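K.L.:
Have a look at this one before I ask anything.
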Amino acid sequence: MADQDQDKSQKTEDATPKRLEEALKKGQVAKSQEINHFFMLISITFVILFFSNNFLKNIGEIIIPFLESPHNIASDPGNILRVSKEIGIKLIAVISIPIVFFVLAALMGNFIQHKPVFTSEQIKPKLNKISLIAGAKRLFSPRSLVEFSKSLAKLFIIGGVIILVVWPERKILSQMMTVESSQLFSIIKFSTLKIFLSVVIIMFFLAIADFSFQKYEYLKNLKMSKQDIKDENKQSEGDPQIKARIRSLRAERSRQRMISSVPNADVIITNPTHYAVALEYEGSKMEAPTLIAKGKNKIAEKIREIANENNIPIVENPPLARGIFSTVEIGQEVPPEHYKAVAEVIGYVMKVKGESARRKFQAKKNN
Numbered sequence: 001m002a003d004q005d006q007d008k009s010q011k012t013e014d015a016t017p018k019r020l021e022e023a024l025k026k027g028q029v030a031k032s033q034e035i036n037h038f039f040m041l042i043s044i045t046f047v048i049l050f051f052s053n054n055f056l057k058n059i060g061e062i063i064i065p066f067l068e069s070p071h072n073i074a075s076d077p078g079n080i081l082r083v084s085k086e087i088g089i090k091l092i093a094v095i096s097i098p099i100v101f102f103v104l105a106a107l108m109g110n111f112i113q114h115k116p117v118f119t120s121e122q123i124k125p126k127l128n129k130i131s132l133i134a135g136a137k138r139l140f141s142p143r144s145l146v147e148f149s150k151s152l153a154k155l156f157i158i159g160g161v162i163i164l165v166v167w168p169e170r171k172i173l174s175q176m177m178t179v180e181s182s183q184l185f186s187i188i189k190f191s192t193l194k195i196f197l198s199v200v201i202i203m204f205f206l207a208i209a210d211f212s213f214q215k216y217e218y219l220k221n222l223k224m225s226k227q228d229i230k231d232e233n234k235q236s237e238g239d240p241q242i243k244a245r246i247r248s249l250r251a252e253r254s255r256q257r258m259i260s261s262v263p264n265a266d267v268i269i270t271n272p273t274h275y276a277v278a279l280e281y282e283g284s285k286m287e288a289p290t291l292i293a294k295g296k297n298k299i300a301e302k303i304r305e306i307a308n309e310n311n312i313p314i315v316e317n318p319p320l321a322r323g324i325f326s327t328v329e330i331g332q333e334v335p336p337e338h339y340k341a342v343a344e345v346i347g348y349v350m351k352v353k354g355e356s357a358r359r360k361f362q363a364k365k366n367n
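Residue 367, in my numbering, is where the sequence shown stops; the numbers in between run on with no holes.
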């Protein structure tokens with residue numbers, strides 16, 4: 001018991017949307033029976049108000065002949081069968097409309113509290129449902145005591161309201177047996193309608209109060225501890241360590257792809273040792289040189305090594321190298337603010353390449 005109390009005291013956080021969704025899938029919803037009772041009373045009041053005349057008329061047609069002239073009813077089997085058939089048809093006609101309203105009221109009472117829930121969780125066989133010990137615990141649990149107290153309070157409140165409504169009409173009600181049948185039905189209708197309207201008003205406030213209480217208890221029972229939320233986040237989003245490892249692998253693959261593109265560069269601009277950026281430029285296809293690789297420290301060193309292996313010109317220009325490294329992403333063209341500096345570098349590289357080509361051609365010619 002102490003462990004349970006301690007566990008409950010740790011559940012201080014509101015339920016997450018995932019926890020609420022899981023509870024809904026299990027059929028666990030905030031539900032007040034008083035809401036259902038309220039809508040049922042409304043349907044009964046509606047039937048009394050709009051259909052009672054026809055209801056009482058049909059009932060009267062069935063009962064009055066037996067009360068006023070029972071001696072005129074033939075007792076032979078054929079007549080009894082005919083009368084029974086007529087009574088059955090009239091009863092079906094009489095109760096069909098109220099039944100429709102009662103069913104609609106029951107559905108409305110549920111739908112107004114929560115969206116429709118279709119789950120097999122509630123009908124699955126569970127041992128605690130048939131366990132005598134578990135049943136006794138539920139019977140004498142604090143929740144059962146609260147529900148019993150609520151029912152008792154509701155009984156006293158509604159009983160008191162009915163007494164307050166009926167007491168002023170006690171003289172009229174005491175004379176019911178002495179009035180004609182037509183007046184009797186009017187008295188019954190008026191008194192019944194008055195009682196139900198009064199109870200409906202009381203039930204409206206009781207239903208709101210009970211639903212608020214049930215909603216509070218529902219959310220309270222679904223509260224989570226900080227550890228519960230952490231565990232849920234791990235399940236939903238994955239373990240942070242695993243996610244970090246995945247990010248590391250993706251970054252490594254990205255670096256490998258970048259390094260593999262360095263041989264396509266036309267020039268490498270360096271810091272000279274801390275930063276290195278590799279630019280590719282094809283005048284017929286690009287408006288400006290494109291950054292195909294960049295790095296600092298060890299990656300910068302690797303870029304320089306590959307450049308030396310592939311005879312790619314390396315130009316030292318610390319401000320330009322740092323500027324491109326900080327402002328340009330892989331695959332992007334050099335922005336306009338670097339055009340002048342890059343143009344000078346490209347021009348220098350082209351000049352160097354031209355002189356190198358000229359010297360090679362001259363040496364070949366001399367040979």
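Here a beta-carbon is modelled for each residue, glycine too, at the ideal position from N, C-alpha and C. It should be emphasised that the depicted structure is a prediction, and the values quoted were computed from it without experimental measurement.
Considering only residues of the same chain and omitting the five flanking positions on each side of A15, which have a CB-CB separation below 7 Å?
P.N.:
L219, L222, K223 and M224
K.L.:
Do three or more CB pairs link the segment 101 to 116 to the segment 34 to 54 at distances below 8 Å?
P.N.:
yes
K.L.:
Provide the residue span of the alpha helix (DSSP H) that contains L291, from first to last.
P.N.:
Taken as a continuous stretch (DSSP letters only), L291 belongs to no alpha helix (DSSP H), being part of the beta strand (DSSP E) at T290 to K296.
K.L.:
Provide the residue(s) that pair with E13 in DSSP beta bridges, ordered along the chain.
P.N.:
Assignment of beta-bridge partners to E13 by DSSP yields M224.
K.L.:
Determine, using beta carbons only, whether I303 and G295 come nearer to each other than 8 Å.
P.N.:
yes
K.L.:
What beta strand (DSSP E) runs, 3 residues minimum, are completely inside the segment 203 to 279?
P.N.:
Taking only runs of at least 3 residues, the beta strand (DSSP E) segments lying wholly in the segment 203 to 279 are 267 to 270.
K.L.:
Under 8 Å, with one C-beta from each stretch per pair, do the segment 310 to 321 and the segment 267 to 283 reach the 3-pair mark?
P.N.:
yes
K.L.:
For the alpha helix (DSSP H) that I163 lies in, which residues bound it at each end?
P.N.:
P142 to V166
K.L.:
Compare the Cα-Cα distances from F50 to each of F204, M203, L193 and I201 and report the closest residue.
P.N.:
L193
K.L.:
Between which two residues does the beta strand (DSSP E) harbouring I314 extend?
P.N.:
I314 to E316
K.L.:
Does DSSP classify E34 as helix, strand or coil?
P.N.:
helix
K.L.:
Using a Cβ-Cβ cut-off of 8 Å (strictly less than) and excluding sequence neighbours within five positions of I163, which residues of its own chain qualify?
P.N.:
none
K.L.:
Expressed to the nearest angstrom, what Euclidean distance is found between the alpha-carbon atoms of V199 and I99?
P.N.:
21 Å
K.L.:
Secondary structure at E287, three-state DSSP: helix, strand or coil?
P.N.:
coil
K.L.:
A30 and Q113 - do their beta-carbons sit closer together than 8 Å?
P.N.:
yes
K.L.:
Would DSSP call E333 helix, strand or coil?
P.N.:
E333: strand per DSSP, three-state reduction.
K.L.:
Taking only the alpha-carbon atoms, compute the straight-line gap between H274 and S326 and give it to the nearest angstrom.
P.N.:
Each residue's alpha carbon lies about 13 Å from the other.
K.L.:
What separation, rounded to the nearest whole angstrom, lies between the Cα atoms of Y348 and N233?
P.N.:
56 Å
K.L.:
Determine the closest residue to R257 out of E282, I299 and G159, with distance taken between C-alpha atoms.
P.N.:
I299
K.L.:
Taking 8 Å as the limit between beta carbons, can you name the residues of its chain near Q332, skipping five residues before and five after?
P.N.:
T290 and L291
K.L.:
Quick check on G323: buried or exposed, where buried means 16 or more other Cβ atoms within 10 Å of its Cβ?
P.N.:
buried
K.L.:
Just verifying my parser: in three-state terms, what is the DSSP assignment at Q113?
P.N.:
coil
K.L.:
Excluding the 5 residues flanking A321 on each side, which residues of the same chain have their C-beta closer than 6 Å to its C-beta?
P.N.:
I269, T270, N271, Y275 and V277
K.L.:
Can you check which of these residues, K226, I48, I201 and A343, is closest to Y281 by C-alpha distance?
P.N.:
A343
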